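A short write-up of the structure that comes next.
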Ligand code: HEM
């Protein structure tokens, strides 16, 4: 299956999502929790689009995963996909349980889950750019 938008555009989208996440963390540091939640919601929805329109179709079309599962590219794609899938699910859970309420007190209970999610999100990004370097550049021979 071909991705609906080109991978280069997806890479740019992922950098924009990263900037939104940094801005969201900035609001959290300033204790503006509603704005922090709203930007995280935007980043999560954009990431879901990126996953559904590009990464899932691309992963489903990678025959190398079935023919050579222990090839470095297959391992990079699989590890990226597993960490990425957990991150997508956790981020959806966090924004869904918030319900865009003005009351953010309840969210403090999920502070540790937020820390795990952001750490996994950064790991997914690093692995995603590793996959990109493998597939579309000559950086990795
Ligand atoms: C937080 C979640 C995720 C982040 C931050 C993320 C990030 C990235 C980035 C930055 C790229 C490189 C740009 C590109 O080549 O399009 C990429 C590529 C890719 N990702 Fe993800 N990703 C996530 C989730 C997933 C999931 C759940 C899958 C499972 C299907 C996945 C599969 C792929 C594949 C197959 C590619 C290569 C796409 C291509 O052919 O260009 N990603 N990802």
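Residue numbers (our numbering): 40 to 180.
Glycine residues also receive a C-beta, built at the ideal position from the N, C-alpha and C atoms.
The model shown is predicted, which means the values in this text are computed figures rather than measured ones.
#### Entry: Assigned exposure category for residue 188 - 16 Cβ within 10 Å defines buried
No statement about residue 188 is possible, as the shown extent of the chain runs from 40 to 180 and does not include it.
According to DSSP, simplified to helix, strand and coil, what is residue 147? Secondary structure of residue 147 (DSSP, three-state): helix.
Mind checking whether residue 116 and residue 110 have CB atoms under 7 Å apart? In this structure, residue 110 does not lie closer than 7 Å to residue 116 by Cβ.
Checklist entry - Going straight from the alpha carbon of residue 82 to that of residue 163, what length do you get? => result Between residue 82 and residue 163, the C-alpha separation is close to 14 Å.
Please report how far the alpha carbon of residue 86 lies from the alpha carbon of residue 141, in whole angstroms.
-> Answer to the nearest angstrom: the Cα atoms are 24 Å apart.
Measuring only from the beta carbon, is residue 171 closer than 6 Å to any heavy atom that is part of the ligand HEM? With a cutoff of 6 Å, residue 171 counts as near the ligand HEM, since its C-beta is closer than that to a heavy atom of the ligand.
According to DSSP, is residue 100 part of a helix, a strand, or is it coil? Three-state result, residue 100: coil.
Exercise for review: Starting from the N-terminal side, write out each stretch of the alpha helix (DSSP H) that is 4 residues or longer and does not extend beyond the stretch 63 to 149.
Suggested key: DSSP runs (the alpha helix (DSSP H)) wholly in the stretch 63 to 149: 72 to 89, 95 to 99, 103 to 106, 111 to 137.
message = Checking 7 Å against the spacing of the C-beta atoms, do residue 62 and residue 78 come in under that value?
response = Contact flag set, yes.
Check whether the stretch 151 to 160 and the stretch 119 to 133 touch, using three or more Cβ-Cβ pairs below 8 Å as the test.
Contact between the stretch 151 to 160 and the stretch 119 to 133 is present, because at least three Cβ pairs lie under 8 Å.
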